[in-house]
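J.: Throughout, my numbering is defined as the position within the sequence shown, counted from one, plus 27. Just so it is clear, CB atoms sit at the ideal spot from N, CA and C, and this is done for glycine as well.
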Amino acid sequence: MKKLFFFALALAASALLTTAADKPRKLVLIAGKPSHPPGMHEFRAGSLLLEKCLQGVPGFKIEVHTNGWVSDEKTFADADAVVIYADGGGGHPAVVGNHKEIIGALVKRGVGLGCMHYGVEVVPAQAGAEFNDWIGGHYAKDFSCNPIWEPDYQKFPTHPITRGVQPFKTKDEWYFNMAFREGMQGVMPILVAKPSDATRDGPYVYPKGPYAHIQAAKGRDETMMWAFNRPDGGRGFGFTGGHFHANWGNDQQRKLICNAFLWLARVEVPANGVESKISETDLAANLDPKGGPKPAAPKAAAAPAGPAPKAAFTSAVVTKKTPGHAVDVDVDITGWKELHLAVNDAGDGFTCDWADWVEPRLVAADGKETKLTDLKWASAKADFGQVHVGANVQNKPLKVGGQPVAFGLGTHANSVISYTLPADAKFTRFKARAGLDNGGTDQGNGDACSVQFQVFANAPVLVAAANSGGGKASPAATAVGHEPDKAVSGLDVHPGLQAEL
28 MKKLFFFALA LAASALLTTA ADKPRKLVLI AGKPSHPPGM HEFRAGSLLL
78 EKCLQGVPGF KIEVHTNGWV SDEKTFADAD AVVIYADGGG GHPAVVGNHK
128 EIIGALVKRG VGLGCMHYGV EVVPAQAGAE FNDWIGGHYA KDFSCNPIWE
178 PDYQKFPTHP ITRGVQPFKT KDEWYFNMAF REGMQGVMPI LVAKPSDATR
228 DGPYVYPKGP YAHIQAAKGR DETMMWAFNR PDGGRGFGFT GGHFHANWGN
278 DQQRKLICNA FLWLARVEVP ANGVESKISE TDLAANLDPK GGPKPAAPKA
328 AAAPAGPAPK AAFTSAVVTK KTPGHAVDVD VDITGWKELH LAVNDAGDGF
378 TCDWADWVEP RLVAADGKET KLTDLKWASA KADFGQVHVG ANVQNKPLKV
428 GGQPVAFGLG THANSVISYT LPADAKFTRF KARAGLDNGG TDQGNGDACS
478 VQFQVFANAP VLVAAANSGG GKASPAATAV GHEPDKAVSG LDVHPGLQAE
528 L
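1) Return the CA-CA distance between G374 and V294, expressed in angstroms with no decimal places.
2) Determine the direct distance from the alpha carbon of P120 to that of D105, and round the result to whole angstroms.
3) Would you call R247 buried or exposed, if buried means 16 or more other Cβ atoms sit within 10 Å of its Cβ?
4) For the candidate residues N465, G300, M215, D372, whose alpha-carbon lies nearest to that of M251?
5) Return helix, strand or coil for G139, following the three-state DSSP convention.
6) Buried or exposed for T185, please, with buried defined as at least 16 other CB atoms from any protein chain shown within 10 angstroms of its CB.
7) For P331, which residues of its own chain have a beta-carbon under 8 Å away from its beta-carbon, when the five flanking residues on both sides are left out?
8) Tell me whether K88 sits in a helix, a strand or coil according to DSSP, three-state version.
9) Among G351, D393, K182, A407, which residue has its Cα nearest to the Cα of G428?
10) Check whether the Cβ atoms of G473 and K347 sit closer than 8 Å, and answer yes or no.
11) Rounded to whole angstroms, how far is the Cβ of A440 from the Cβ of N485, which I believe are closer than 8 Å?
12) Use the C-beta contact count for P449: other C-beta atoms within 10 angstroms, 16 or more gives buried, fewer gives exposed.
13) Whose CA, out of V150, V134, H63, lies closest to the CA of F255?
14) Should A152 go down as buried or exposed, given a rule of 16 or more other Cβ atoms within 10 Å for buried?
15) Cα-Cα, which of H68, Q212, K168, W176 is closest to M143?
16) Under three-state DSSP, which class holds A503?
17) Consult DSSP for N274 and reduce its assignment to one of helix, strand or coil.
18) Please list the terminal residues of the continuous beta strand (DSSP E) segment that includes L368.
19) With which residues is A391 paired in a DSSP beta bridge?
20) Looking at the strands, I want to know which residues DSSP matches up with S406.
21) Quick one: what does DSSP say W96 is sitting in, helix, strand or coil?
22) Restricting to Cα atoms, I'd like to know which of P85, R136, K79 is closest to F103.
23) Which residue or residues does DSSP assign as beta-bridge partners of M252?
24) Which whole-angstrom value describes the C-beta separation of D107 and V138, a residue pair presumed to lie in contact below a C-beta threshold of 8 Å?
25) Would you mind reading off the limits of the alpha helix (DSSP H) that contains F70?
26) When DSSP labels each residue in this structure, what does L56 get in the three-state scheme?
27) Taking I188 and I217 to be in contact with their CB atoms under 8 Å, please state how far apart those CB atoms are, rounded to whole angstroms.
28) Closer than 8 Å is the cut-off here; do at least three beta carbon pairs connect the stretch 166-179 with the stretch 273-282?
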């Protein structure tokens, strides 16, 4: 409480000692921690790009803080606006620790607050009422939905945020059916479009739905961005796009958000909005180190005639509800010359699907065990990050269900790790535990983790996983992965860039 008391004193002192004429209006932009595969939830890169676009605006200063919170809370003392572009839910930067009290004090002082993409989602019981008071609404799990779709924004209300903005459309994870204040009091819809019936029917990103109440509203317009005038005169906004980083290459989307930043900080928005030009280099700058873009893959050869290899072992779908977040693996490999360990995304997308092969061993007929990690693999590939021995895909210590792993392999759906077995070894069994790495389950949307582990004697054909459009993967699935054209189909890529996995 002492910390909050002195923080409040600092805010009051700042209000007395400074005026708008003394210095530019200041917006603090909080970029979230790294999450999701490359090109998605690039909070740091997106924030720094927007900062670049707003440089030189008279009477305005933007200050970017990365990794989920400000480096020094004293910076709030002279802030006129705060924007949070980060993962939300239970780990939302505005609600962890004493942050809800800090943000509440800022709002009470009249500081503007904006939230973007996942940042508009909070657990309703945790901060739903506060968000409705602060920014006018919020994303509520199981009430709101988050499909990938391409709304066509044709008309805009008369508002400083929309100045100079022309019709546009971008394919993104545009949330809708937000939990707004009662009667939409003080809320002005900024981006409005009508989802198609197919969009309402799902699948959504997570949970995949569909929801009956979303389907029942077919034909209704939805709001994907809004501005909010608080009863006390403060300002707020919510923007549900921003999942795919490439969409910041759209001039209209960029102008809209730059305008919103100025409006939030009470800086006059130019008559034609904030003009900005960016290059392909600008768009590709400051991306989080998520394993980096992979070289473009050559066109896959035609599948060989005859049936695809069948898995000798296929696990049940492993989720956070699975005891210990892991399953046992015990496979008869008598006579095998090769060993292929596969992980697929269980058919619902590979969000947070960090997976580990825990203590993998090859067992000989006499019971002698050989650590698989003592052998060199023939090949290893994953849709996100890099496969590691003794570390997860981000090269951090392996941990499953909160427990450290003595030895193992860290990967991410969709993946295949292939070994050529020693000719003279005569192994008879492969044993391991297979589970979800805490690097995925501990993320803000870690509940979306779901994978399936498979073991093959022959290399599986890399095609889309069973039911890749949604639903549980079939136990008979014999392949893993998203075909590259499917995996990047959700991106509206800037003309100068190439989307790759």
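T.: If we stick to the structure as given:
1) 47 Å
2) 20 Å
3) exposed
4) M215
5) strand
6) exposed
7) Note on P331: pLDDT 44, under 50, position unreliable in the model; the coordinate value appears next. Correct list: empty, nothing qualifies.
8) strand
9) G351
10) yes
11) Incorrect: roughly 20 Å between the Cβ atoms, too far for contact.
12) exposed
13) V134
14) exposed
15) H68
16) Any answer about A503 is weak, because its pLDDT of 32 lies below 50 and its placement is not dependable; what the coordinates show is given next. Reduced to three states, the DSSP call for A503 is coil.
17) helix
18) 365-371
19) F454
20) S445
21) coil
22) R136
23) L218, F266
24) 6 Å
25) 70-81
26) strand
27) 6 Å
28) no
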